[in-house]
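Numbering of the sequence shown is given in the UniProt record's numbering, commencing with residue 1 and proceeding in unit increments. Written out below as structure tokens is the structure these notes cover.
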Amino acid sequence: MAAGADRSTKKAGSSEPAAAETAEEAAFLERYDPAEFERPSVTVDVVLLTVRDGELYTLVIQRAEPPAKGRWAMPGGFVRIREPLEDAAHRVLRTKCSLENVYVEQLCTFGEPDRDPRMRVISVGYFALVDARRFDRACQAQSGKRHVTMARVVVPWNGETGGDVHLVDAQGESLPLAFDHADILSVAVKRIRGKLDYSPIGFQLLPERFTLLALQGVHETVLGRKLNKDSFRRRMLSSGELVATGEMQSGVDHRPAELYRFLKRSAI
């Protein structure tokens, strides 16, 4: 470039904006009026799942006021203006479920215009996985603050067919869900069923040390079908994801089984 050339011009291959471009953008943003356009609100809704006693459970909170007063909802909340979406999901788990350091994964976005009668609300769905003991403690920690219950998830379809699911309480009574939370729950169940065979998410539903039988029980509960014990053991032991702890079960009335741990828990 010749001496005295315009220094505001971008260098070849440079990703830095030219001065003229920066000034133009600054002027545009100064004139821009965000109130000119309608803006929807954004929420996150988290499907918290666990496996206990051979059943799939989720945590739901009964709404104390309209809309959908008396119905049950997944833990959720509005996203703050400067808050990343996943941070919002973790905040919801911390404040409404007393849970931190939880495996969380985004599902998809739910945005039907009339999904919330208050206003246009777009929800980003997440699922979170914890072992049964952490799940029970979360329910107990919140029981004095709001009507929280652990609900059994009833899935009437096989595999990844998809479709309606519903929740029942300890007495077998159906729990009606608010808004489109039945759809969010259905998508979460379909997602974890689909991921279980190629992703180690099942380990997130177990304590740090577990038996192969407990691991098989988690897979069978999530998938909704029985698995061959020998082939499951071979597949898990050859996966490179398990490490024998050298410890055995204690406090059982049968021959103690060996305990394992997940090798790549921190990498999920």
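Where is the CB? At the ideal position from N, CA and C, for every residue including glycine. Nothing here was measured: the structure is a model prediction, and the numbers come from that model.
Item: Expected contact under 8 Å - CB spacing of residue 93 and residue 99 to nearest Å; Value: 5 Å
Item: Own chain partners of residue 204 with C-beta closer than 6 Å, once the 5 adjacent residues on each side are dropped; Value: 103, 129
Item: Where residue 240 falls: helix, strand or coil (DSSP); Value: coil
Item: Simplified DSSP assignment, three categories, for residue 73; Value: strand
Item: Whole-angstrom distance between residue 177 and residue 74, CA atom to CA atom; Value: 8 Å
Item: Three-state class that DSSP yields for residue 147 in the structure shown; Value: coil
Item: Reference residue 59; option with closest CA among 138, 237, 223; Value: 138
Item: Residue 97, buried or exposed, once every other Cβ within 10 Å from all chains shown has been counted against 16; Value: buried
Item: 6 Å Cβ shell around residue 72 - same chain, five flanking residues per side excluded; Value: 60, 62, 175, 177
Item: Sub-8 Å separation of residue 125 and residue 110 beta-carbons; Value: yes
Item: Rounded straight-line distance, which links the Cα of residue 259 to that of residue 235; Value: 17 Å
Item: Assumed close pair residue 88, residue 121 - CB separation to whole angstroms, cut-off 8 Å; Value: The pair is not a contact, with the Cβ atoms about 14 Å apart (cut-off 8 Å).
Item: Residue from 150, 161, 214, 41 with nearest C-alpha to residue 172; Value: 150
Item: Residue environment, residue 188, which counts as buried when at least 16 other CB atoms sit within 10 Å; Value: buried
Item: Of the listed residues 257, 20, 38, 49, nearest to residue 201 (C-alpha basis); Value: 49
Item: Beta-carbon proximity list for residue 248, same chain, < 8 Å, skipping 5 on both sides; Value: 256, 257, 258, 259
Item: Counted within 10 angstroms of its Cβ, other Cβ atoms place residue 179 as buried (16 or more) or exposed; Value: buried
Item: Which residues DSSP lists as bridging residue 125, in chain order; Value: 45
Item: Nonlocal neighbours in the same chain, by C-beta distance under 6 Å from residue 232, ignoring five residues either side; Value: 216
Item: Bridge-paired residues (DSSP) for residue 175; Value: 167
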